[in-house]
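The numbers in the sequence shown follow our numbering, run straight up by one, and end at 863. A virtual CB, placed ideally from N, CA and C, is assigned to each residue, including glycine. Since this is a predicted model, take the numbers as computed values, not measurements.
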Amino acid sequence: IVKLGIIDQGVYEFWESVDAASNLNPFSSPTPVFSNFDNGGRGVWAGYATSVDTIVCTK
């Protein structure tokens with residue numbers, strides 16, 4: 805069984821920026837976290853889709 809997960813570019817940029825901001829170095833400068841809100845909010849509005857299929861391997 806194969807399961808694929810699909811996210812859009814905004815979700816990817818959000819989690820990449822969260823990862824960069826949480827490098828746990830107390831001496832690093834603050835890193836901005838990506839957000840797709842235009843009213844000053846922080847975070848990302850997104851969806852997540854999955855697709856499941858079965859692959860049969862024969863000899």
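Here Phe818 is buried: its Cβ has 16 or more other Cβ atoms, across all protein chains shown, within 10 Å.
Taking all protein chains in view, the Cβ of Phe841 is surrounded by fewer than 16 other Cβ atoms within 10 Å, so the residue is classified as exposed. Taking Ala825 as the centre and dropping the five residues before and after it, the same chain places the C-beta of Thr835, Val837 closer than 6 Å to its C-beta, in chain order. Sixteen is the threshold: since fewer than 16 other Cβ atoms of the shown chains lie within 10 Å of the Cβ of Val806, the residue is exposed.
Partner residues in the beta bridge of Gly809, as assigned by DSSP, are Thr854.
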